[in-house]
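Position 132 of the sequence shown, counting from 1, maps to 132 under full-length UniProt numbering, and the rest follow consecutively.
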Amino acid sequence: MIILQVNNVSKYYGAEAILSSIKLEVQTKDRIALVGRNGAGKSTLLKIIAGTLSHDGGNIFMPKGTTIGYLAQHTGLNSDLSIWDEMLTVFADLRKQEEELRALEKSMSIPDIYNDSTRYERILKDYDHLQEQFKNAGGYQMENDIRSVLHGLNFADYDYATPVTSLSGGQKTRLALGKLLLTKPDLLILDEPTNHLDIDTLSWLEGYLQSYPGAILIVSHDRYFLDKVVNQVMELSRTSISKYTGNYSKYLVQKAEEFERNQKMYEKQQDEIAKLRDFVQRNIARASTTKRAQSRQKQLERMEMLDRPQGDEKSANFSFQIEKQSGNEVLQAKDIAIGYEHAVAKSINFRITRGESIALIGPNGIGKSTLLKTITDRLPALSGEFQFGANVTIGYYDQEQANLSSNKTVLNELWDDYPMSQEKDIRSILGNFLFSGDDVMKIVSTLSGGEKARLALSKLMMQKANLLILDEPTNHLDLDSKLVLENALVDYPGTLLFVSHDRYFINRIADKVIEMGPEGTVEYLGDYDYYVQKKQELVELAELENKPAMQSNQQSTEKSSYQEDKELKKQNRKRQRRIEELEGAIETFEAKIADYNEQLCDPEVYQDHEKTLEIQSQLTAAESALEELMEEWTILQD
């Protein structure tokens, strides 16, 4: 069923066209990614669809009663309510129904009501009808839904009575996302929802959106996220839109194939045109061949000329070099504690050697950025010490650098750092970061987030440091700029230490992962996928090690009395048989779950909406059954 049609929508800012003849169709349960360069008009199109921005041409059609939920970039809740009360506002209608149910229950509890059978039957009928409505609308699970969403968005450890006004900007943004998810609109429009989310929260959001009952239209620069969630990609480029089927990785393949195919067709037609024109030129004046030449001329005039395929829009082009090589030992942290007045993390130990590329990961608020600031001497360590190797020079990219607020021009912002350089050299470097012509005379404070990020990277490139410390370097960058940055860092001859929530970026760049926790750090010698696999293996090993210990503890508590011992052994045998039954059932369900997950990864399956929903439903049921079995197994083991 079609829930949204966008027909020939156009938008202008002054005389400049932002969107031209945009056509877009959304059906129930579509998962659509809207991609394109920064400034291509993605957010503008989302605002037009959501009804918060007017358009200059075309029409938008939606069936009557279709609901749209829209989360803009940097949206945060502004409310005087507590976290819990703010989430409850989503269910205002259900809470009103609940109050009506309580009122009917109170009416039915009045003793005299039984003397008036007609009135009692009417109240009972109203109560049954309203209770059925309340149940079907999810009234009995709304509190569980709120808890589930708050837990998934990393509010599990918060007191739900906490006022929203006391939260940080990032927390308010996550809360706004949670409130929108609870409304469950027919069309969910999300503009950069992955900002302010750590990796665990991103993984939860992926799972939530995969089973979302409505359609999703999403803008995100997180490729790992897009590959997991979407089944269509709409590309905005040069004010027009193109559609591709599949996730983001498939879109890249299809786009490359499409360009190659169109290029070959264009070249073939150009060869044909050249031959026809040559024939006409040589034969039009000769009496014996003039009719054939005229026929070729008409063929040329009737021919529908193909435009030369336009490749990708211009991308940034840069690389990071070093002035001098460092020693083999680059940096060692010994029992570091970090924080401001109080330690947010302690017992931090790690060693970095030349040429390593290390991702620093951990939940939001654990102190990753604080650690980078401490390493670069912007904050003092509360305890412990850092030891730098010989000839180490540091280049630091702070995520706050992307919010440059200088009143200088772009040209002077870079040139003032390197006054001995020639203007043409500075302009050339800025050109590599897509600042060309009059762009270099823009005031820095007026730049967009992506432009500020590119300017900060140009300043970092000029330092030629042999140790780059990067805090969220992919924030504010579009997908193409991310790819350019990745390529530059892959070829970088120095050493890297970086913080990122972009799992694709981590997989591409990192050869070691350091996980931060409140009580220290753990190193994993591989990329992000290896880290996830190793974490799972460690959990399984811990479970295996705990099993004999628990059995030993159970044996040590047995009664010495023969009769009690005999009865206990009988109960233990019965319990053990049940444990074995449960373990067999658990293995069966784990195999089923693995099989369902494997099926969901099959391209033929995830392109079939109905099949995907059927398998997802079976997967959910299997996971629920497994959870019950595991709970019983745990109780019996205890």
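All residues carry an ideal CB built from backbone N, CA and C; glycine is no exception.
Remember, it's a predicted structure, so these values are computed and weren't measured experimentally.
Handout entry: Beta-carbon gap between E100 and L130 smaller than 8 angstroms
Key = E100 places its beta carbon less than 8 angstroms from that of L130.
Handout entry: Inter-stretch contact (C-beta, 8 angstroms, three-pair minimum) for the region 377–385 and the region 319–338
Key = yes
Practice task
Note down, in chain order, each residue of its chain lying with its Cβ closer than 7 angstroms to the Cβ of D529, except the 5 sequence neighbours on either side.
Solution key: N507
Problem - From G207, R174, N247, residue whose alpha carbon lies closest to that of P193 - result: R174
Problem - alpha helix (DSSP H) segments (min. 4 residues) lying fully within the region 402–430 - result: 410–415
Problem - Limits of the unbroken beta strand (DSSP E) element including E523 - result: 520–524
Practice task
Jot down the residue ranges of each uninterrupted alpha helix (DSSP H) in the region 162–218, minimum 4 residues, whole runs only, in chain order.
Solution key: 169–183, 199–210
Exercise for the section: Pick out whichever of G395, I48, Q27 has its Cα sitting closest to the Cα of P63. Expected result: Of the candidates G395, I48, Q27, the one whose C-alpha sits nearest the C-alpha of P63 is Q27.
Exercise for the section: Pair every Cβ in the region 489–508 with every Cβ in the region 193–210, then say whether three or more of these pairs are closer than 8 angstroms. Expected result: yes
Practice task
Could you name the residues that DSSP lists as bridge partners for residue 646?
Solution key: Lying before the first or after the last residue shown, residue 646 is absent from the chain, which here runs from 1 to 638.
Problem - At least 3 beta-carbon pairs within less than 8 angstroms: the region 147–164 vs the region 202–210 - result: Yes: at least three Cβ pairs fall under 8 angstroms.
Handout entry: Sequence ranges, beta strand (DSSP E) only - wholly within the region 87–119, length at least 3
Key = You should have found no qualifying run.
Problem - Opening and closing residue of the alpha helix (DSSP H) in which M234 lies - result: It is not in any alpha helix (DSSP H) - M234 instead sits in the beta strand (DSSP E) that spans 232–237.
Practice task
Ignoring anything shorter than 4 residues or poking outside the region 363–390, list the alpha helix (DSSP H) runs there in chain order.
Solution key: Runs of the alpha helix (DSSP H) inside the region 363–390: 368–375.
Practice task
Tell me whether the beta-carbon of F388 lies closer than 8 angstroms to the beta-carbon of L331.
Solution key: yes
Exercise for the section: State whether the region 254–266 contacts the region 44–57, with contact taken as three or more CB pairs (one from each stretch) at a distance under 8 angstroms. Expected result: Too few Cβ pairs lie closer than 8 angstroms, so no.
Practice task
Spell out a yes or no on whether the region 235–246 and the region 168–182 are touching, meaning 3 or more CB-CB pairs, one atom from each, closer than 8 angstroms.
Solution key: no
Practice task
Look up L325 in the DSSP assignment and say whether it is helix, strand or coil.
Solution key: In the sequence as displayed, the identity of residue 325 is Gln instead of Leu. Three-state result, Q325: coil.
Handout entry: DSSP three-state assignment for R302, whether helix, strand or coil
Key = R302 falls in the helix class under three-state DSSP.
Handout entry: Segment limits, beta strand (DSSP E) that includes R308
Key = Careful: R308 lies outside any beta strand (DSSP E) and carries neither H nor E.
Practice task
Check whether the Cβ of T290 lies closer than 7 angstroms to any heavy atom of the ligand PLP, and answer yes or no.
Solution key: As far as ligands go, the structure on display features none, and thus does not contain the ligand PLP.
Exercise for the section: Within its chain, find whatever has a CB closer than 6 angstroms to the CB of Y524; leave out the 5 residues flanking it on each side and keep chain order. Expected result: V513, Y531, K534
Problem - Among L541, N546, A488, the one whose alpha carbon lies nearest that of D432 - result: At residue 432 the sequence reads Asn, which differs from the Asp that was named. The shortest C-alpha separation from N432 is found at A488.
Exercise for the section: Please name the residue, chosen from S347, E329, M441, T370, that lies closest to E341 on a Cα-to-Cα basis. Expected result: Considering only S347, E329, M441, T370, the residue with the shortest C-alpha distance to E341 is T370.
Exercise for the section: State the Cα-Cα distance for the pair R302 and N7, rounded to the nearest angstrom. Expected result: 30 angstroms
Problem - Cβ pair count under 8 angstroms reaching 3, the region 442–450 against the region 471–478 - result: yes
Handout entry: Contacts around Q73, its chain only, beta-carbon distance under 8 angstroms, and the 5 residues preceding and following it disregarded
Key = S43, D191, E192, N195
Exercise for the section: Buried or exposed for V164, please, with buried defined as at least 16 other CB atoms from any protein chain shown within 10 angstroms of its CB. Expected result: buried
Problem - Own chain residues within Cβ distance below 7 angstroms of S319, not counting five before or after - result: A488, D491
Exercise for the section: Examine the Cβ distances between the region 266–277 and the region 292–309 and report whether three or more of them are shorter than 8 angstroms. Expected result: yes
Handout entry: Buried versus exposed call for M234 [16 or more other C-beta atoms within 10 Å across all chains shown]
Key = buried
Handout entry: Start-to-end residues for the beta strand (DSSP E) that takes in E16
Key = Run containing E16: 16–27, per the beta strand (DSSP E) assignment.
Handout entry: Contacts around N349, its chain only, beta-carbon distance under 8 angstroms, and the 5 residues preceding and following it disregarded
Key = A333, K334, D335, I336, G520, T521
Exercise for the section: Return helix, strand or coil for T495, following the three-state DSSP convention. Expected result: If DSSP states are grouped into helix, strand and coil, T495 belongs with the strands.
Handout entry: Own chain residues within Cβ distance below 6 angstroms of R296, not counting five before or after
Key = Taking R296 as the centre and dropping the five residues before and after it, the same chain places the C-beta of L276, F279, V280 closer than 6 angstroms to its C-beta, in chain order.
Problem - Helix, strand or coil at N317 [DSSP, three-state] - result: coil
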